[in-house]
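Engineer: Here the protein sequences line up with chains A and B, keeping their order.
Oh and the first sequence: position 216 is 206 in my numbering, straight run, nothing missing.
Oh and the second sequence: position 126 is 127 in my numbering, straight run, nothing missing.
There's a structure below that I have some questions on.
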Amino acid sequence: MSRVSRGLCLLLAGLLALTGSVFAQDSSSVLRYPIDSDPEQLNPFVSDTIAAGRVLRNIYEGLARYNAETGVVEPAIAESWEITTNAEGQQVYTFKLRQGVLFHEVAGVTLTDREVTADDILWNYLVALNGDDNVSLLASGLEFILGAAEYTAMYDTALEADPEADLPLIMEDVSVPGLAVIDDYTFQITLAQPDRLFLINGLVSIVSPEAYAALGDDINNVAVGTGPYRFVEWLRDDRLTLEANPDYYLAGLPKNDGVVFINYPEASTALLDYRENNLDFLFAFPSGQRTAVIEEFASDFSEKPGLHLRYWGINMNNGFLAENKAVRQALSYTLDRQTAWDILAEGARFPASLGMLVPAMPASTPATIYTYDLAQARAILDAAGFTATGAPIAEGGDGRREGIPTLRVYLLEAISTEPQIVLWQEDLAQLGIEVEFVIEDGATYWDSIVTDESMIFINGWAAGIIDPSDVFDFLILDGNGSMRYDNPVVNELLRQARVEADEAARTALYQQAHDIIMDDAPLIASAYSKVSWLQKPWVQDFVPGGGGTYTAPLWNVVIEGRP
Amino acid sequence: MTRYILRRVIQMIPRLLIIYSLIFVMTYLLPGDPVRAIYGEEVNRMSPTQIEQIKESLGVNRPFLEQYVSFIVQTLRLEFPESRVMRGQDVGDVIGYRLPRTLQLMLGGLLVALCIGIPAGIIAAIRQYTWLDHTLMLIALIGVSMPVFWQALIAQLFLTQSKYGVALFPPGGYGDGNLHYLMLPALVLGTHLAASIARITRSTMLEVKTQDFLQTARAKGLAPARILLRHHLSNALIPVITILGLQISGLLTGSVLTESVFRWPGLGQATVDAINARDVPIIMGLMVYGTIIILVINLITDVLYAIVDPRIRYS
């Protein structure tokens, strides 16, 4: 061996020896939390992805907070609120702010005991209503505030005239009638029209105005809020560190020293670190290893029903399926959900046994429920005049259904290996229907499925709250979803439900809508999600909601006896 | 030599322009709506005005020529365009943060490759047709044939898990630059290259073995070690350097998978993310600066020829 090579080898061996033990043991109670992708940025005015949300919800707070586990809105910066109706019949929310809520003190920003007041709330709402997309993406979601749409429109008009216009962050000389500072600790919001989900969808995260000004563009990389954790450091694609906020207004919280969000693009690497006790949780199971992982860590495993829907969408805009309700219904009877999800997918999801709402939601049981029944599917097709000729295709015959074209089915690459796909294809062949798959990645898929080329597509919807509106308003109302199902009767029912204050009456409206939708069969509900995770024995009080593991309030988690 | 290097540097400019234009056209022609690529079906929650505004702010509504010229001008001014997805981050931030990490991984891989590949090639050549030669070349063949990501998974299983082997290394991560975190990814990246180097070293060592100057050296009574290092190996190194020059570019691209498996925050991972999100400014920036790195490596390779072999002179 040459001297140079020998030297290099010795150097390598020396480095290995010098580095000492493999892992330093962590005696603090900082949560080691795996994430599958980095947040894009930390500015709450422009961050609306789950990746950003799961970090930001620990740093920033609004006036109130939605408890994903109970479905109840709880006080946050506001300690209480009152809902009244004014002389014009408009809904008025009067928030009483907590005294002594302090903005975080973060490196690079000088704020000494800066208390949150109603003026800060107003400033944040005005920034949120800024129509410049570079400043805020929240404006369209706050249009129900009295005068908000007009305020945002001023920005839109100015930007249309001159896209490079240098517009102020907030228009000091323009007031939004629906936003009012009553005193330092009282803030009032008036809605142009009643919205029973205002306390969930209408509350913006409160950012320190001084930090926003001081940080400039860096507000995208540094977070200064009021929440239970404060920002420490972000190494992109590596880890993001938060520490417990020592000035948090709720005594005893957080119950741990902080959180480190560790980025794992590959689920298999996270599993290796979990096995070696370098992580406190595991949220994603490597593909095809779900059963093995659950068996290996049986005592660490937890599972609960989720709020997400996996479905096959049908192009309802035009084309063969849009015009043939009987075929859509027959297709719905052809999907063997039990075998696909309970057996082939190792129980990764619950087979969709009802309709397009998960069982936890009101009005979740529609009048028409499609269970796997090939005989029923055949009968429907026969009755509709789509008769089979000869033996089924699956048995080598030419038993195609007369009049049914080959169905062009779009598959999103990331989920194109789900066992339900091949299973459904085989059952459709039994029925005499041929399918042709087109697999595309995320960059083109969402465009392709809303073209007329697409007849059926696989999709999912992640509801965030336990309310039918969070599904219907985005997948059904006014043809919003990629199916482009636009039924005036259903639209009217959904609009009425949005403003109906009485819970029973609202549920009845959603029930009617759900019945009509499922009878029309613009989609085939396939599965409801499970929220599954592993947590180490030393982790206590980790309670996620149905929206996903990211909804768990981390500030309640206790670490005890970690080796 | 200085004039030669200067000439090569000047020649890089038209090459870069051509490559830049090709990459821009290919990126422009990529199908897909950037807004949907970023937000998926979350777009359903946005109003049409909002979607248009996002497109406007992403700059994807502008005509092809306008976008192309704007990119060229920015690059010539050495201005870094802003990411469309990661607000507050421009190409300079992305490269500045990730390039040193990728270079660390590349250099680590190179070190491992040289450390294993050259000695293995020398031993195999000296012990030609013995069991040692056959064994080393069999291992090299396996090393060349095995995909990097597969090697990575196997190495992780047996070298990071006490359940299946020995927990010698952490399964992944950058570890604030701690060398311990670098070792396993470098080992995986390097062993693949080591296999190629071992094979080429053996073959060129055997070619040089029968040359007259070696007979002369032996006749002069030089020590075997001196003959091996000064005369035999140094004359066999030229093809090895050629292979190294080519393979280092491979290390840059091969690190994409390694970075992902070992969650190493380098350029590879950033490139994949940028392509998935159709983040054109970042794609362009990474490609252009990646091209510059490869051109510089090629230049260094050519210069090394002259250093290793005194017979080579550039005018």
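Built from N, CA and C at the ideal position, the CB exists for glycine as well.
With 16 other CB atoms within 10 Å as the buried threshold, where does E408(A) fall?
Structural biologist: The residue is buried, with at least 16 neighbouring Cβ atoms inside 10 Å.
Engineer: In whole angstroms, give me the CA-to-CA distance for R472(A) and Q415(A).
Structural biologist: Per the sequence shown, residue 472(A) should be read as Ser rather than Arg. Going from the Cα of S472(A) to the Cα of Q415(A) covers about 22 Å.
Engineer: Express the C-alpha separation of V521(A) and V348(A) in angstroms, rounding to a whole number.
Structural biologist: Taking the straight line from one Cα to the other gives about 13 Å.
Engineer: Kindly examine the ligand MG and report whether one of its heavy atoms sits closer than 6 Å to the Cβ of S235(B).
Structural biologist: As presented, the structure is devoid of all ligands, the ligand MG included, so that no description of it is given.
Engineer: Flag this pair as touching only if the stretch 437 to 454 of chain A and the stretch 472 to 486 of chain A have three or more C-beta atom pairs under 8 Å; answer yes or no.
Structural biologist: Verdict: yes, contact present.
Engineer: Taking only beta-carbon positions, decide if W224(A) is within less than 7 Å of chain B.
Structural biologist: By this cut-off, W224(A) is not an interface position.
Engineer: Put P65(A) into one of helix, strand or coil per three-state DSSP.
Structural biologist: Looking at P65(A) - three-state DSSP - the assignment turns out to be strand.
Engineer: Which same chain residues end up closer than 7 Å to I456(A) when comparing Cβ atoms and leaving out the 5 residues on each side of it in sequence?
Structural biologist: Closer than 7 Å at the Cβ level, and outside the excluded window around I456(A), lie G61, L297, A350, M351, G536.
Engineer: Would Q31(A) pass as an interface residue toward chain B - the criterion being a Cβ-Cβ separation below 7 Å?
Structural biologist: Taking Cβ atoms only, chain B reaches closer than 7 Å to Q31(A), which makes this a yes.
Engineer: Measuring alpha carbon to alpha carbon, tell me which residue in I249(B), P64(B), I244(B) is nearest S204(B).
Structural biologist: Of the candidates I249(B), P64(B), I244(B), the one whose C-alpha sits nearest the C-alpha of S204(B) is I244(B).
Engineer: Counting only C-beta atoms, is I55(B) closer than 7 Å to chain A at any point?
Structural biologist: Yes, its Cβ sits closer than 7 Å to a Cβ of chain A.
Engineer: How long is the line joining the alpha carbons of N210(A) and S343(A), rounded to whole angstroms?
Structural biologist: The straight-line gap from Cα to Cα measures roughly 43 Å.
Engineer: For the stretch 259 to 274 of chain A, which residues have a beta carbon sitting closer than 8 Å to at least one beta carbon of chain B?
Structural biologist: Answer in chain order: T259, L262, D263, R265, E266, N268.
Engineer: Buried or exposed: L66(B), going by 16 or more other Cβ atoms within 10 Å of its Cβ?
Structural biologist: Result: exposed.
Engineer: Which residues, in chain order, does the stretch 170 to 189 of chain B contribute to contact with chain A at a C-beta distance below 8 Å?
Structural biologist: Cβ contacts with chain A come from F170, P171, P172, G173, G174, Y175, N179, L180, H181, M184.
Engineer: Could you give the distance in angstroms between the alpha-carbon of M2(B) and the alpha-carbon of G122(B)?
Structural biologist: Rounded to the nearest angstrom, the two C-alpha atoms are 31 Å apart.
Engineer: Quick check for students: name the residue ranges of the alpha helix (DSSP H) that lie wholly in the stretch 284 to 353 of chain A, counting only runs of 4 or more.
Structural biologist: You should have 310 to 313, 315 to 324.
Engineer: Quick one: using the 10 Å Cβ neighbour count with 16 as the cut-off for buried, is P172(B) buried or exposed?
Structural biologist: That one is buried.
Engineer: Under DSSP, the beta strand (DSSP E) around T176(A) begins and ends at which residues?
Structural biologist: Here the beta strand (DSSP E) through T176(A) covers 176 to 180.
Engineer: Using a Cβ cut-off of 7 Å, pull out every chain A residue sitting near M87(B), in sequence order please.
Structural biologist: In chain order: E30, Q31.
Engineer: Counting Cβ pairs, one atom from each stretch, are 3 or more of them under 8 Å apart for the stretch 481 to 499 of chain A and the stretch 509 to 526 of chain A?
Structural biologist: Verdict: no, contact absent.
Engineer: Does the contact criterion of 3 or more C-beta pairs under 8 Å hold for the stretch 82 to 96 of chain B versus the stretch 157 to 175 of chain B?
Structural biologist: They do not touch, by the three-pair rule.
Engineer: Could you please tell me which residues of the stretch 243 to 260 of chain A, in chain order, have their CB closer than 8 Å to any CB of chain B?
Structural biologist: Listed by position, the residues of the stretch 243 to 260 of chain A near chain B (Cβ gap below 8 Å) are I252, N253, Y254, P255, E256, S258, T259.
Engineer: Please tell me whether D34(B) has its Cβ less than 7 Å away from any Cβ of chain D.
Structural biologist: Absence of chain D from the displayed structure is noted, the protein chains being A and B.
Engineer: Along the stretch 98 to 110 of chain B, where does the CB come closer than 7 Å to a CB of chain A? Name the residues.
Structural biologist: The residues in question are Y98.
Engineer: Write down every uninterrupted run of the beta strand (DSSP E) in the stretch 175 to 257 of chain A whose length is 3 residues or greater and which is fully enclosed by it, in chain order.
Structural biologist: Correct list: 176 to 180, 219 to 225, 229 to 234, 248 to 253.
Engineer: If you reduce the DSSP assignment to three classes, tell me which class Q81(A) lands in.
Structural biologist: Reduced to three states, the DSSP call for Q81(A) is strand.
Engineer: Compute the Euclidean distance between the alpha carbons of V209(B) and I124(B), then round it to the nearest angstrom.
Structural biologist: When rounded, the distance between both Cα atoms is 15 Å.
Engineer: Cα separation between M306(A) and I507(A)?
Structural biologist: If I take the Cα positions, the gap works out to 12 Å.
Engineer: Grab me the residues of I295(B)'s own chain with a C-beta within less than 6 Å of its C-beta, minus the 5 sequence neighbours each way, in chain order.
Structural biologist: For I295(B), where only same-chain residues beyond five positions count, the Cβ hits under 6 Å are S250.
Engineer: Please look up how many angstroms separate the CB atoms of S261(B) and T103(B), rounded, as I've assumed it's under 8 Å.
Structural biologist: With a Cβ gap of about 12 Å, S261(B) and T103(B) do not count as contacting.
Engineer: Return helix, strand or coil for N268(A), following the three-state DSSP convention.
Structural biologist: Correct three-state label for N268(A): coil.
Engineer: Does F13(A) come out as helix, strand or coil in the three-state DSSP assignment?
Structural biologist: Bear in mind that the predicted position of F13(A) carries a pLDDT of just 43, short of 50, making it too unreliable to give a figure here.
Engineer: Evaluate D103(A) with the Cβ neighbour count: other Cβ atoms within 10 Å of its Cβ, from every protein chain shown; 16 or more gives buried, anything less gives exposed.
Structural biologist: When all chains shown are included, D103(A) counts as exposed.
Engineer: Got a sec, what are the start and stop residues for the beta strand (DSSP E) I448(A) sits in?
Structural biologist: 446 to 452 is the extent of the beta strand (DSSP E) around I448(A).
Engineer: Below 7 Å between beta carbons: does that hold for V604(A) and V399(A)?
Structural biologist: Here chain A comprises residues numbered -9 to 553, so residue 604(A) is not present and cannot be evaluated.
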